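Position one of the sequence shown corresponds to residue 0 (numbering that gives the first Met the number 0), numbered consecutively onward.
Here the structure is laid out as structure tokens; the discussion comes afterwards.
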Amino acid sequence: MTGPSTSMPVAGLVPAPRREHEHADLVVRNAKVFTGDSGRPGARAVAIRDGHVVALGDDHDLAHLVGPGTQVVDALGRRVIPGLNDSHLHVIRGGLNYVLELRWDGVRSLRQALAMLREQAGRTPKGQWIRVVGGWTAEQFAERRMPTVAELNAAAPDTPVFVLHLYQSALMNRAAVQAAGFTRETPDPRGGQIVRGRDGEPNGVLLAAPSALILYSTLAKAPALDEADRRTSTRHFLRELNRFGLTSAVDAAGGFQNFPDNYATVVDLARAGELTLRIAYHLFPQTAGQELADLKRWTETVKPGDGDEWLRLNGAGENLTWAAADFENFSEPRPELAAGYETAFESAVRLLLENGWGFRLHATYDETIRRDLAVFEKLAAEGLFPGGNRWLFDHAETVSAHSLDRIAALGGSLSVQNRMSFQGAAFLDRYGAEAAAHTPPVRAMLDRGLTVAAGTDATRVSSYNPWVALHWLVTGRTVGGTALYPAGNLIDRETALGLYTRGGAQLTGEQDVKGILREGCYGDLAILSDDYLTVPEDVIPDIESVLTVVGGRIVYATAEYEGLDEAVPPVTPEWSPVARFGGYQSGALQASAVAEAAAESEQHRRWRVARGAVPETTPSFVDPCFAH
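Right under this line is the structure:
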């Protein structure tokens, strides 16, 4: 809580004798409101009616809007911000699988992570897998290392375990190797490697070299939920996102996310009025060689803007053709994309533009961005590009100054994610500190007046916690504390918050109604546990929302407000890891476990130094055995 409390959290204003239609549905008072509106940056109270903001001001200014049916929430002096908008989140796919996953997001020690896995093994029925699927890195653990396959076997000798580490690798215990059907005879897929022991048998390690398809395809072998459980899973994932103040997300589609089948759950929830997060989604061709056929079929049946303020189609991407995608495993060399991919890529872009479709493109490296821009410039010379359509590059970690100028000239935008929070150490090891210092060059993007939005790329790389991403933007540090950026590539807290609110709204053409608290805009806001604008930097990743409002609906509430939010059904199936552990693990509860793990890790390091296994230096963030 920020500041002293002198009132109850729900109460405080005397209803005014006004006509019912003039009263607000919800009033948040006694708040420190950051509006995001330069014309009126602050307020003490916000009133919402029919899903939209109708007034801001001091408490007494809004008193006349309180009627017998108005819900009044006292913020108790806390900070209120516009609802956050993750501009690149795999929210649809994440929702379909959320309750099946053991999340190590936020876990501060490998000791605790393995204890969670061991306990879950005792709860998981035969035939099901334990899945740790993204949102963590070895750098976050006190031990500064990944688990070993032997540790997975010891924790779960009979239950298949699949542990995904970014888009770099996966670890599988003996039972998972068998369940996936990997044998001595199984060939390595293109761009991937099944690591084998001296006997030729798979040893439980999979490498993206550099394609992540081996990781995706192996995970897809695990059992899926039925439709009823997918619905429940999605509702709980959206509630988990609301926990951090997220009220919107731009879904970037992704591998193994087929349209329309895998979109049916969110469509059903939208029709039932049960979405608690506004979603703008994209369509991503899934099969190499038939991308143009898929895009043509979609342009003939749906169009961007279809839907409503809760669920709407935004365009194509983040891949248009598979040959143009540059996988970002920074532990591996930059992939060399095939010569001549531009022919099919140009056809895809031309088809979209001719049908009024915008798009987003996965592009990690400047080498890819330069080739894509050449295609766009060719189409621009014909007067076709961009043709009034919104388009953007995603990620753009190594984009050059010259490429930024070309993007600006073509009216493009950028969406950046905090993948370097989790992969920064690997990037440093491969490319060095000088290259890492502007990867990505966020400050340079903004200095050119480009539209820039922020996100996470969750759930299989970074964590979905937006405050980890905001911490990265303002400090330039990884989750393990490694400093990546000089002051010239950092941005202040208000600017970073703007990337997470107004920025995402600009990518979907909703900047006039979303990302800002102003009369007429959506009534989307969050009351924060700590004041983001003033707390020490190291507190930022631990911020959560204590009350989240979307369209005037209270969709998440805790602390003094517990019980004010809408009910969700219990987690199913009952053995779900989420039912036992929840999602993101709060760091405040882990201090003793972290201290024990750190002490144990230091003892182990000294033992290895004494035997000449490692040099007498500062311990590495990643165990050398797994520094692929």
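A virtual CB, placed ideally from N, CA and C, is assigned to each residue, including glycine.
Just so it is clear, the structure is predicted and the values come from calculations on it, not from any experiment.
Beta-bridge partners of residue 192 (DSSP): 206.
In the three-state reduction of the DSSP assignment, residue 171 falls in the strand class, which pools E and B. In the DSSP annotation of this structure, the continuous segment of the beta strand (DSSP E) that includes residue 544 starts and ends at 544-549. Looking at the backbone, the Cα of residue 266 and that of residue 35 are separated by about 31 Å. Along the length of the stretch 83-155, whole beta strand (DSSP E) runs at least 3 residues long occupy 83-88, 129-132, reported in chain order.
The beta carbon of residue 140 sits closer than 8 Å to the beta carbons of 106, 107, 108, 109, 112, 596 from its chain, once the five residues preceding and following it are set aside; these are given in chain order. Taking the Cα of residue 37 as reference, the smallest distance to any Cα among 405, 467, 516, 563 is reached at 516. Taking one beta carbon from each stretch, the stretch 95-105 and the stretch 66-74 have fewer than 3 pairs nearer than 8 Å; the two do not touch.
Between residue 271 and residue 311, the C-beta spacing is not below 8 Å. DSSP places residue 429 in the helix class (H, G or I) of the three-state scheme. Residue pairing by DSSP places residue 556 opposite 546 in a beta bridge.
Nearest C-alpha to residue 558 among 549, 568, 545, 564: 545. Rounded to whole angstroms, the Cβ separation of residue 303 and residue 293 is 16 Å, and the two are not in contact under 8 Å. Going by DSSP, residue 278 is part of the beta strand (DSSP E) stretching over 277-282. Proximity to residue 553 across 185, 160, 529, 274 peaks at 274, based on C-alpha coordinates. Ranking 297, 241, 231, 470 by CA distance to the CA of residue 268 puts 231 first. Residue 77 is classed as buried because its beta carbon has at least 16 other beta carbons within 10 Å across all chains shown. Scanning 585, 471, 574 for the CA closest to the CA of residue 120 turns up 574. Within its own chain, the residues whose Cβ lies closer than 7 Å to the Cβ of residue 543, once the five positions on either side in sequence are excluded, are 242, 243, 528, listed in chain order. By the Cβ neighbour-count rule, residue 183 is exposed, with fewer than 16 other Cβ atoms within 10 Å of its own. Under the DSSP assignment, residue 162 falls in the beta strand (DSSP E) whose first and last residues are 160-164. Shortest Cα-Cα distance from residue 219 to any of 180, 250, 204 involves 180. Residue 297: not part of any beta strand (DSSP E); member of the alpha helix (DSSP H) spanning 290-300, first to last residue.
With respect to residue 264, residue 229 sits close: the two C-beta atoms are nearer than 8 Å. Scanning 476, 469, 540, 453 for the CA closest to the CA of residue 506 turns up 453. Of the residues assessed, residue 289 falls on the exposed side of the cut-off, its CB having fewer than 16 other CB atoms within 10 angstroms. Runs of the alpha helix (DSSP H) lying entirely within the stretch 365-442 and spanning at least 4 residues, in chain order: 365-380, 400-408, 418-430, 432-435. The alpha-carbon of residue 337 is positioned some 28 Å away from that of residue 355.
Residue state for residue 527 is assigned as strand, using DSSP reduced to three classes.
Around the beta carbon of residue 585, a 10 Å sphere encloses fewer than 16 other beta carbons of the protein chains shown; the residue is thus reported as exposed. For residue 346, the secondary structure class from DSSP, reduced to helix, strand or coil, is helix. With 16 or more other CB atoms across the displayed protein chains lying within 10 angstroms of its CB, residue 31 is buried. Beta-bridge annotation (DSSP): residue 481 is not paired with any residue. In the three-state reduction of the DSSP assignment, residue 62 falls in the helix class.
DSSP places residue 70 inside the beta strand (DSSP E), whose first and last residues are 70-73. Cβ-Cβ separation between residue 473 and residue 536: approximately 7 Å, consistent with a contact (criterion under 8 Å).
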